[in-house]
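Visitor:
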Amino acid sequence: MARCDSKAEISFIKDAVIPNLHDGIWPTEVSAKLSALRHERVRQPIIYVGVTTSSIVAGALKTRSAIEQYLDDYSVDADVICVGSHGLCSLEPIVEVQMPGRTRVAFANVTPERVNSILDGALNGFIQPENVIFQYFSEIHEPWHGIPFRNELPFFKKQNRVLLKNAGIICPDSIAEYIAHGGYSALAKSIRKYTYDDICRIVEESGLRGRGGGAFPTGTKWRKALQVATSDRYLICNADESDPGGFMDRLLIESDPHRIVEGIILSSYAVSASKAIIYIRDRYKITIQRIQNAIEQAYEVGLLGYDILGSGYSLDIEVRKGPGAYVCGEETALIKSLEGKRGMPSIKPPYPAEFGLNGKPTVINNVETLANIPEIISNGPQWFAALGTEGSKGTKIFSINGQASQTCMVELTFGEPLAALLDLAGGVKDGRTFKALHLGGPSGVSVTADELDAPIDFDELPKRGISLGSGGVQVLDNTVCMVDLVKYFMHFIRNESCGKCIPCREGSNRMYQILDNISKRPVSNEGHNTLERFKGVIQLETLAEVMRDTSLCGLGQTAPKPILKALKSFRDEFEEHIFDRKCRASVCRDLRTFYIDIERCTGCTACAKKCPTQAIYGTPRSPYFIVEERCIGCGICQDTCKFGAVFFK
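In terms of my numbering, the sequence shown opens at residue 50 and continues consecutively.
1) Using C-beta distances below 7 Å, list every residue in its chain close to T689, excluding the 5 sequence neighbours before and after it, in chain order.
2) State whether the region 467-485 contacts the region 221-228, with contact taken as three or more CB pairs (one from each stretch) at a distance under 8 Å.
3) In the DSSP assignment, find the beta strand (DSSP E) that holds K486 and state where it starts and stops.
4) Work out the CA separation of E162 and C249 for me, nearest whole Å.
5) Between the beta-carbon of E460 and the beta-carbon of N209, is there less than 9 Å?
6) Note down, one range per segment and in chain order, each alpha helix (DSSP H) of at least 4 residues found wholly within the region 501-587.
7) Can the beta-carbon of T418 be found closer than 9 Å to that of L213?
8) Find out if the Cβ-Cβ distance for the pair S104, P142 is shorter than 9 Å.
9) With DSSP run on the structure shown, which of helix, strand or coil describes N69?
10) What three-state label does DSSP hand P161 in the structure shown?
11) Considering only the alpha carbon of each residue, which of R649, A229, R641 and F463 lies closest to R679?
12) Can you tell me which of A57, R597, E290 and F204 puts its alpha carbon nearest to the alpha carbon of E349?
13) What's the C-alpha gap between G576 and R570?
14) Excluding five sequence neighbours on each side, which residues of the same chain lie with their C-beta closer than 7 Å to the C-beta of A615?
15) Please list the terminal residues of the continuous alpha helix (DSSP H) segment that includes Y245.
16) Can you tell me where the alpha helix (DSSP H) with P85 in it begins and where it stops?
17) CB-CB under 6 Å to A171, same chain, minus the five flanking residues each way: which ones, in chain order?
18) So what's C686 in DSSP terms, helix, strand or just coil?
19) Ends of the alpha helix (DSSP H) at A347?
20) Taking buried to mean at least 16 other C-beta atoms within 10 Å of its own C-beta, is I647 buried or exposed?
21) Using 8 Å as the Cβ pair cut-off and three pairs as the minimum, do the region 236-256 and the region 76-96 touch?
22) What did DSSP end up calling Q147 once you bin it into helix, strand or coil?
23) Look at A694 and R649 and say whether their C-beta atoms are less than 9 Å apart.
24) Give a yes or no on contact between the region 300-307 and the region 421-433, applying the rule of three or more CB pairs nearer than 8 Å.
25) Buried or exposed: which applies to F692, given that a residue is buried once 16 or more other Cβ atoms fall within 10 Å of its Cβ?
26) Which word fits Y355, buried or exposed, when buried means at least 16 other C-beta atoms lie within 10 angstroms of its C-beta?
27) On a CA-only basis, which of L137, L70 and H230 is nearest L86? Give me that one, please.
28) Would you call the region 512-521 in contact with the region 548-565, where contact means no fewer than 3 C-beta pairs closer than 8 Å?
29) Does the Cβ of E188 have 16 or more other Cβ atoms within 10 Å, making it buried, or fewer, making it exposed?
30) Once DSSP output is grouped into helix, strand and coil, what is the label at E380?
31) Which partner residues of P203 appear in the DSSP bridge assignment?
32) Roughly how many angstroms lie between the CA atoms of I612 and L564, to the nearest whole one?
33) Which runs of the alpha helix (DSSP H) fall wholly inside the region 392-452 and span at least 4 residues, in chain order?
34) Within 10 angstroms of the Cβ of E590, are there 16 or more other Cβ atoms? Answer buried if so, exposed if not.
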C-alpha cells in the first residue's frame with residue numbers, strides 16, 4: 050500500500066540512531082541522514098500521495114497509479130511516497146509535490162485525469178491555481194508565488210495540532226521518518242530515566258483524562274493497576290471505533306501509527322505490563338495493516354521485545370481482531386471478547402484495573418488517550434496541564450461529517466466553543482440552514498444554534514445536558530428529521546444490545562417501536578389513534594429513567610439521551626408527526642402524501658406503470674390522480690415523472 054523503509058534505513062536506525070536516541074546527540078553524518086529523512090533538502094522531485102481509508106474511497110490508489118504511469122512514460126526521476134491524511138477528507142485525493150529548492154505544495158481532488166496537467170506544471174515551475182490548496186513554510190526553500198502557506202489557512206490556523214502534527218506529512222509505514230521527526234525519543238528518555246511510579250506520577254500531574262467518552266483520569270487508572278500485587282499485568286489499546294460516522298482513531302492510526310505504538314510501550318511500562326493488546330475490528334483492513342507494520346518495525350530496531358534499549362524491561366504487542374460489536378466498547382465486554390467469550394458486560398466492581406483479562410490487572414485506554422503519552426513525557430506535565438481548562442487538559446480530536454460543507458478531522462484545545470467545530474467544517478452546505486450539531490454518536494445529543502457557545506469541556510458540557518462522547522460529530526441541517534434521526538439511533542442501540550439485562554434489551558426495543566409508530570401514517574383517522582401515539586411519547590421519559598438507572602452498562606444507561614434531548618429541543622417536530630401527521634423534512638416516507646398536478650400531467654402513464662401498489666389511476670393522455678389510501682409514499686412516481694408533475698406535502 051505504501052513505501053516502507055529499506056533494509057539500509059532500518060539498519061541505519063538500529064545501529065546509528067537508537068543507541069543515542071535518549072539524548073538526541075548524533076555525529077554530523079547521522080544528523081545529515083536524519084535531515085534527509087525529513088526531506089528538508091531534496092535532490093530530485095518527491096510526490097506525496099495521501100493514502101488512507103477515506104482517500105482510497107475517493108480514488109487515491111488510482112491517482113497514485115496514474116502518477117507512477119506518468120513518471121514511467123516521461124522517464125522522470127522522482128520518488129512517490131504515500132503519506133497519511135491532513136484531515137481534509139472532502140478534498141481528497143490530495144497530492145503534494147516537492148521540487149529541489151522549492152517549498153512543498155499541495156493539490157486537492159487530484160483525479161487520474163488531472164495528474165498529467167498538474168505534474169506538467171509543477172515539474173516545470175508552474176502551479177495551476179484551480180487545484181492548489183497550500184504550500185509549506187520553509188526558511189531554506191523558495192516559496193511559490195501567490196499560494197497561501199499551510200499555517201495561514203483558517204482550517205489549520207484555528208487548530209492546535211499536537212497529536213496530528215505528523216498526519217499528512219510523514220510516511221506512516223516508515224519508522225525512520227517517525228524517528229527523524231522526534232519519534233521514540235520520549236520512550237528512550239523514560240526507559241532510562243524514570244521508574245514505573247515516575248511515569249504514573251507525570252501522567253497524574255498532567256491531568257490527562259480518557260478520550261473514549263468516560264473521561265476517567267488516566268494516571269489514577271494506571272496507579273490502581275500498578276498497586277495490585279501480581280507478576281502479570283496487561284495493557285489494552287481499544288481501537289474498536291464503533292460510533293457510526295466516527296473515524297478519529299482510524300485516521301490517526303493510518304496517518305501516524307508509530308505514535309500509537311510508542312504510546313502503548315510507554316503506558317505498558319508505566320503499569321509494568323509485559324503484554325499489550327490492540328483490539329480492533331476485523332474490517333479495518335488498512336488500519337490493521339499500518340499498525341502491524343509499525344509493530345514489526347519496532348521489533349526490528351529493538352524497541353519491542355526482550356530487554357528494550359538494555360533497560361531490562363520487555364514487552365510484546367499483539368493485534369487482536371474483534372467482530373465489530375458496539376457493546377465491546379465497554380471495558381468488561383471487550384475483555385470477554387478477548388477471552389473468546391461473547392462480548393457482554395460484567396458487574397463492577399471489581400474493575401478491570403484490579404481484575405481484568407485472565408483475572409489479572411488490566412488497563413484499557415483508547416487510541417487518542419495513548420497518543421498523548423509521548424507528548425506529555427517529551428514536553429513535561431506542566432506543559433500539558435497548561436493546555437485547556439481546569440478540568441480538561443490538552444487537546445481533543447474530532448471527526449466531522451453529516452451535512453457539513455466539508456468532511457474533516459480536526460484537533461482543538463479544550464475550552465474552545467462548540468461553534469468552532471461548525472466553523473472548521475465550513476458550516477452547512479449551500480442553500481441549507483443549520484439545525485443542530487450532534488455529539489457522541491448513538492448515545493449523544495443534538496446541540497442547537499443557541500447552545501454552540503458552550504465550551505468543549507468534560508465537566509461544563511454535562512452541566513448543560515450535553516455529552517462530548519469520543520469525538521464523532523455530525524452536522525445537521527433542515528433536510529434532517531429529528532424523529533427519524535433518534536429512531537435510527539435507537540434502532541442501532543436495539544440491534545447492538547447484548548441482551549444480558551432486561552432494561553436495555555426490552556427498553557430499547559419499546560423505544561424504537563414508539564418512535565417508529567409516530568413516524569408512520571396511522572391506520573385510521575380516529576381520534577384515539579392520535580391519543581395512542583401521544584401516549585407512547587409520554588412513556589419515553591419513564592422508559593428512559595428506568596434504562597438509565599437499572600441497565601448494566603453504559604450502552605443502556607446512555608441510550609435514551611438523544612431522545613430526551615430531541616424532545617426538549619425539537620418538540621415541535623414531534624408534535625407535527627403526532628398531530629399533523631407531517632414530516633417537515635419529508636424524510637419519514639410513511640407520512641408523505643403525494644399528488645399529481647393536473648396542469649403538468651400529460652397522461653404518459655409512466656408513473657402508473659411503476660407504482661408498486663397500483664395507487665395511480667387515469668386515462669392515457671389525460672391527467673392521472675393518486676389514491677391516497679393506497680399510496681405508501683415510496684416516491685417512485687416522482688422519480689419516474691419526466692414532466693415534474695408529481696409533488697408531495
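Backbone N, C-alpha and C fix where the C-beta goes; we use that ideal spot for every residue, glycine too. Quantities reported herein were computed from a predicted structural model and do not represent experimental measurements.
Guide: On the basis of the coordinates in this document:
1) Counting from one through the sequence shown, the residue named residue 689 turns up at place 640. Excluding sequence neighbours, T689 sits near A655, C656 and K659.
2) no
3) As a first step, residue 486 must be located in the sequence shown, where it is residue number 437. The identity of residue 486 in the sequence shown is Leu, whereas the question assumes Lys. Run containing L486: F483 to L488, per the beta strand (DSSP E) assignment.
4) Along the sequence shown, read from residue 1 onward, the residue named residue 249 stands at position 200. Along the sequence shown, read from residue 1 onward, the residue named residue 162 stands at position 113. Taking the straight line joining both Cα atoms gives about 53 Å.
5) Working through the sequence shown from its first residue, we reach residue 460 at position 411. Working through the sequence shown from its first residue, we reach residue 209 at position 160. Yes; because the gap between Cβ atoms is below 9 Å, this pair is in contact.
6) 509-512, 531-545 and 551-567
7) The residue given as residue 418 occupies position 369 in the sequence shown. The residue given as residue 213 occupies position 164 in the sequence shown. The answer is no: Cβ separation not under 9 Å.
8) On the sequence shown, residue 104 is found 55 positions in, with the first residue counted as 1. On the sequence shown, residue 142 is found 93 positions in, with the first residue counted as 1. In contact: S104 and P142 (Cβ atoms closer than 9 Å).
9) On the sequence shown, position 20 is the one that residue 69 refers to. Looking at N69 - three-state DSSP - the assignment turns out to be helix.
10) As a first step, residue 161 is located in the sequence shown; it is residue number 112 there, counting from the start. Looking at P161 - three-state DSSP - the assignment turns out to be helix.
11) Working through the sequence shown from its first residue, we reach residue 679 at position 630. Answer by Cα proximity: R641.
12) On the sequence shown, position 300 is the one that residue 349 refers to. If we check each option's Cα against that of E349, A57 comes out closest.
13) Here residue 576 corresponds to residue number 527 of the sequence shown, with the count starting at 1. Here residue 570 corresponds to residue number 521 of the sequence shown, with the count starting at 1. Note that G576 scores 48 on pLDDT, short of 50, meaning its location in the model is unreliable; the coordinates nonetheless yield the value given after this. Straight-line Cα distance between these residues: approximately 13 Å.
14) Mapped onto the sequence shown, residue 615 falls at position 566. The residues are S495, M531 and V535.
15) Working through the sequence shown from its first residue, we reach residue 245 at position 196. Y245 to S255 is the extent of the alpha helix (DSSP H) around Y245.
16) On the sequence shown, position 36 is the one that residue 85 refers to. Here the sequence assigns Ala to residue 85, which means Pro is not the residue at that position. Per DSSP, A85 belongs to the alpha helix (DSSP H) from T77 to L86.
17) Counting from one through the sequence shown, the residue named residue 171 turns up at place 122. These residues qualify, in order along the chain: V146.
18) Here residue 686 corresponds to residue number 637 of the sequence shown, with the count starting at 1. If DSSP states are grouped into helix, strand and coil, C686 belongs with the helices.
19) Numbered from its first residue, the sequence shown carries residue 347 at position 298. Segment K334 to E349, the alpha helix (DSSP H) holding A347.
20) Start at 1 with the first residue of the sequence shown, and residue 647 comes out as number 598. Burial call: exposed.
21) no
22) Along the sequence shown, one-based indexing puts residue 147 at 98. Note: Q147 maps to strand in three-state DSSP.
23) Mapped onto the sequence shown, residue 694 falls at position 645. Mapped onto the sequence shown, residue 649 falls at position 600. For A694 and R649, yes; Cβs fall inside 9 Å.
24) no
25) As a working note, residue 692 is residue 643 in the sequence shown. By the neighbour-count rule (16 or more Cβ atoms within 10 Å), F692 is not buried but exposed.
26) Position 306 of the sequence shown, counted from the first residue, corresponds to residue 355. Flag for Y355 reads exposed.
27) By one-based count along the sequence shown, residue 86 stands at place 37. Minimum Cα distance to L86 is reached at H230.
28) no
29) As a working mapping, residue 188 is identified with position 139 in the sequence shown. Exposed, since its Cβ has fewer than 16 Cβ neighbours within 10 Å.
30) The residue labelled residue 380 in the question sits at position 331 within the sequence shown. It is helical.
31) Taking the sequence shown and counting its residues from 1, one reaches residue 203 at position 154. Note: P203 sits in no beta bridge, so no partner.
32) Here residue 612 is taken as the residue at index 563 of the sequence shown, counted from 1. Here residue 564 is taken as the residue at index 515 of the sequence shown, counted from 1. Distance between the alpha carbons of I612 and L564: 9 Å.
33) 416-420, 422-428 and 430-434
34) Here residue 590 refers to the residue found at position 541 when the sequence shown is read from its first residue. Answer is exposed; the Cβ neighbour count stays below 16.
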